[in-house]
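Enquirer: Pasting in a structure now, in structure tokens, and then I'll have a few things to ask.
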Amino acid sequence: MRNVCFTMAVFAFTSCLAQQNFTVDIWPNGTPNSNEILGEIQKETESGRLYLTQEAKMHVFLPSNNPTGGMVIICPGGSYHFLSIENEGRRVARWFNEQGIAATVLQYRVPNKHKEVPVSDVRETFAIIKRRAVEWNVDIDKIGIMGFSAGGHLASFHSNTYTSESKPAFTILAYPVTTLLKGPSHEQTRQNFLRNTDDPEEVAASSPVQLVGAHTPPTFIMVSRDDKLYICSQLYQEALYENHIPFECHVYSIGGHGWGTKDSFPYKEQWQTSLRFWLEQILNTHPQ
């Protein structure tokens, strides 16, 4: 009998651990919109990329120890053509878990010129987290969003256009695309998000840097000075400053674009240390 009880206890413990990482379909009853990408759903490549995503999913990572109640929605980059779901997704989520912060890697559907598609995926992700907050040990006032490159565009766009039910407590941006104006923007990201790249009203309404206001959450930015898209971070920083939004911007002398969690990036430890300290302050002093 003792052996049976021990076996059951071990099974229960391992089952609990297994539930720390799991996937949730964002639209189990069908999507409200379509990016009109047809064909067979593509599998993840060996390099950790997902191309032309047609299905929206949440890859949830919950901390095993000392949860803070915080949670971060991570939007990987990839020019709105693919998602760098390993380097700018799962590895980041595991790092958050080490800090006691829950995370979900958002496998958003790429827009394919239907910008409402990934935007709706983000909003529904907030809704799902709030519905399951007690189960996941998440404080609904401590849910933030993070984005890399094009994912940084999605995160900063949402941070300025959120609904009352999807307001982020904070925003974290890594080498983000914050404007879709031709020139400072990334052309492929521009082309994939906008229906009409020559429509000045659509471009302005889709450029986070032009949407910043008193409603914008506290923001953390990190970027390399030798990144061709460095100007995007600079413009967003200036907009935050002009609107009196609390922010930090960390500029590294080298690194280029797309470093994410790569060990080859010489400032990996520095950005993680700086972000850890910033989050400690935000999660403790910015209840919404």
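According to mature numbering (1 follows the signal peptide of the UniProt record, and there is no 0), the sequence shown holds residues -18 to -1, 1 to 270 in order.
Note that CB positions come from ideal geometry on N, CA and C, so glycine has one too.
1. Would you report the Cα separation of Thr267 and Glu220, rounded to the nearest angstrom?
2. Leaving aside the five residues before and after Ser16 along the sequence, list all residues of the same chain whose C-beta is less than 8 Å from its C-beta, in chain order.
3. When we look at the beta-carbon of Arg113 and count the other beta-carbons within 10 Å, is it buried (16 or more) or exposed?
4. Alpha carbon to alpha carbon, what distance is there between His135 and Ser256?
5. Compare the beta carbon distance of Thr198 and Leu222 with 8 Å and say whether it is the shorter of the two.
6. Would you check if there are 3 or more beta carbon pairs closer than 8 Å linking the region 229 to 244 to the region 21 to 30?
7. Taking only three categories from DSSP, how would you classify Gly126?
8. Could you give the C-beta distance for Val42 and Phe4, rounded to a whole number, given that I count them as a contact under 8 Å?
9. Determine the closest residue to Ile154 out of Leu163, Thr161 and Phe139, with distance taken between C-alpha atoms.
10. Going straight from the alpha carbon of Arg72 to that of Gly59, what length do you get?
11. Taking Asn174 as the reference, give the member of Ala151, Ile122, Pro93 and Trp241 with the closest Cα.
12. Based on Cα-Cα distance, which residue from Glu147, Ala75, Arg258 and Phe247 lies nearest to Val87?
13. Going by C-alpha to C-alpha distance, which of Val191, Pro45, Met204 and Cys57 sits closest to Leu32?
14. Excluding the 5 residues preceding and the 5 following Phe247 in the sequence, name in chain order all residues of the same chain whose CB lies nearer than 6 Å to its CB.
15. Is the beta carbon of Asn225 less than 8 Å from the beta carbon of Ala186?
16. For Thr35, count neighbouring C-beta atoms within 10 Å of its own C-beta (all shown protein chains included) and say buried if the count is 16 or more, exposed if not.
17. Return the Cβ separation of Ser29 and Gln170 in integer angstroms, given the expectation that the two are a contact with Cβ distance under 8 Å.
18. So the candidates are Gln81, Thr13, Asp245 and Ile227; which of them puts its Cα closest to the Cα of Asp103?
19. By a C-beta neighbour count over all protein chains shown, 10 Å radius and 16 as the cutoff for buried, is Thr145 buried or exposed?
20. Does DSSP put Ser16 in a helix, in a strand, or in coil?
21. Would you identify the three-state DSSP class for Ile23, choosing helix, strand or coil?
22. Quick one: give me the first and last residue of the alpha helix (DSSP H) that Phe152 is part of.
23. Assuming contact is defined by CB atoms lying nearer than 8 Å, are Pro200 and Ile227 in contact in what I supplied?
24. Tell me whether Leu261 is buried or exposed, calling it buried when 16 or more other Cβ atoms sit within 10 Å of its Cβ.
25. May I ask you to list the residues that DSSP assigns as paired with Val54?
26. So, with DSSP's three-state summary, where would you put Leu211?
Expert: In short:
1. What you label residue 267 is simply residue 285 of the sequence shown in a count that begins at 1. What you label residue 220 is simply residue 238 of the sequence shown in a count that begins at 1. Any reading at Thr267 needs caution, since the residue's pLDDT is 48, under 50, leaving its predicted position unreliable; the model's value is listed next. So the alpha carbons of these two residues sit roughly 24 Å apart.
2. Here residue 16 refers to the residue found at position 34 of the sequence shown. Around Ser16: His96 and Val99.
3. Taking the sequence shown and counting its residues from 1, one reaches residue 113 at position 131. Per the 10 Å Cβ criterion, exposed.
4. Looking up residue 256 in the sequence shown gives position 274. Looking up residue 135 in the sequence shown gives position 153. The alpha-carbon atoms of Ser256 and His135 are separated by roughly 22 Å.
5. For the purposes of this step, residue 198 is identified with residue 216 of the sequence shown, where counting begins at 1. For the purposes of this step, residue 222 is identified with residue 240 of the sequence shown, where counting begins at 1. Cβ distance < 8 Å, so Thr198 and Leu222 count as in contact.
6. no
7. Residue mapping note: residue 126 aligns to position 144 of the sequence shown, counting from 1. Correct three-state label for Gly126: strand.
8. As a working note, residue 42 is residue 60 in the sequence shown. As a working note, residue 4 is residue 22 in the sequence shown. Their Cβ separation, rounded to whole angstroms, is 6 Å, which keeps Val42 and Phe4 in contact under 8 Å.
9. Position 172 of the sequence shown holds residue 154. Among Leu163, Thr161 and Phe139, the Cα nearest to that of Ile154 belongs to Phe139.
10. Here residue 72 corresponds to residue number 90 of the sequence shown, with the count starting at 1. Here residue 59 corresponds to residue number 77 of the sequence shown, with the count starting at 1. Distance from the CA of Arg72 to the CA of Gly59, rounded to the nearest whole angstrom, comes to 13 Å.
11. Here residue 174 refers to the residue found at position 192 of the sequence shown. That would be Pro93, whose Cα lies nearest to the Cα of Asn174.
12. As a first step, residue 87 must be located in the sequence shown, where it is residue number 105. Of the listed residues, the one whose Cα sits closest to Val87 is Ala75.
13. The residue labelled residue 32 in the question sits at position 50 within the sequence shown. With distances taken between Cα atoms, Leu32 lies closest to Cys57.
14. Looking up residue 247 in the sequence shown gives position 265. Here the set comprises Gly237 and Trp241.
15. As a working mapping, residue 225 is identified with position 243 in the sequence shown. As a working mapping, residue 186 is identified with position 204 in the sequence shown. No Cβ-Cβ contact shorter than 8 Å links Asn225 with Ala186.
16. For the purposes of this step, residue 35 is identified with residue 53 of the sequence shown, where counting begins at 1. Answer is buried; the Cβ neighbour count reaches 16.
17. Along the sequence shown, one-based indexing puts residue 29 at 47. Along the sequence shown, one-based indexing puts residue 170 at 188. No, Ser29 and Gln170 are not in contact; Cβ-Cβ is about 18 Å, not under 8 Å.
18. As a first step, residue 103 must be located in the sequence shown, where it is residue number 121. Among Gln81, Thr13, Asp245 and Ile227, the Cα nearest to that of Asp103 belongs to Thr13.
19. Start at 1 with the first residue of the sequence shown, and residue 145 comes out as number 163. Thr145 should be labelled exposed.
20. Position 34 of the sequence shown, counted from the start, is the residue given in the question as residue 16. Of the three classes helix, strand and coil, the one that applies to Ser16 here is coil, per DSSP.
21. Start at 1 with the first residue of the sequence shown, and residue 23 comes out as number 41. Three-state result, Ile23: coil.
22. As a first step, residue 152 is located in the sequence shown; it is residue number 170 there, counting from the start. Unbroken run through Phe152: none, as it is neither H nor E.
23. Residue 200 sits at position 218 when you count from the first residue of the sequence shown. Residue 227 sits at position 245 when you count from the first residue of the sequence shown. Cβ distance < 8 Å, so Pro200 and Ile227 count as in contact.
24. Residue mapping note: residue 261 aligns to position 279 of the sequence shown, counting from 1. Buried.
25. The count along the sequence shown starts at 1 and reaches residue 54 at position 72. Note: Val54 sits in a beta bridge opposite Ala85 and Gly126.
26. The residue you call residue 211 lines up with position 229 of the sequence shown. Residue state, collapsed to three classes: coil.
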